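Just below is one structure, and these are the notes that go with it.
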Amino acid sequence: GGRVGFDGATFPNGTVSYHNATFSGGPVSFAGALLSGGHVSFGSATFSAGTVSFEDARSATGAITFSGSTFSGGLVRFARAKFRGSSIGFANAAFTGGTLSFENSVFDHTPLFGNAKISGGTVDLRLVQWGSPACRRRRLDCCWPRPMNQRMRRKFRAP
């Protein structure tokens, strides 16, 4: 339970770490935050309920990682976020449930799902824009790297 809020905060560098954390209720919010560098890490965290929100967040550099995390429930939400030049990683994560929402967001780099194990869960990709500005201008299929594209469609359900 409880709430952790970084709403509207600016992160010029350094690390915010939730390594090995368990999210079973109560929200963690980075709504409207500006990440101009640094790293937000949820490495090896467990998500079974609750919400982690990056709603309306902005980022120019830095990284947000969920490496090795387990998702069985809850919601991780990036709605209306604009991530230019920064990266989001889910390497070695396990998805059996829960929801990832990238609704109506802009990302210059596609999220990395290297070695992720996906057997369930939902990804909301409504109105999302992936890839470099040049890629988006040419309207190329840059939603996911081509091999990942088919796998993600098979493994995740759309909302």
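So in my numbering, spot 15 of the sequence shown is number 19, and the numbers just go up one at a time.
Don't be surprised by glycine CBs; every beta carbon is placed ideally from N, CA and C.
Being a predicted model, the structure only gives us computed values, none of them experimental.
Three-state class that DSSP yields for residue 128 in the structure shown: strand
Contact set for residue 164: own chain, Cβ-Cβ below 6 Å, skip 5 residues either direction: Past the boundaries of the shown model lies residue 164; the chain is included only from 5 to 163, so the question cannot be answered.
Proximity of residue 60 and residue 84 at Cβ, strictly below 8 Å: yes
Reduced DSSP category for residue 50 - H, G, I as helix; E, B as strand; rest coil: strand
Outcome for residue 39 when other beta-carbon atoms lying within 10 angstroms are tallied against a minimum of 16: buried
Under the three-state DSSP convention, the category residue 26 falls into: strand
Distance between residue 69 and residue 15 (C-alpha atoms, nearest Å): 15 Å
Coarse secondary structure for residue 33, derived from DSSP in three states: strand
Within 8 Å, strictly: CB atoms of residue 125 and residue 102: yes
Contacts around residue 10, its chain only, beta-carbon distance under 6 Å, and the 5 residues preceding and following it disregarded: 34, 37
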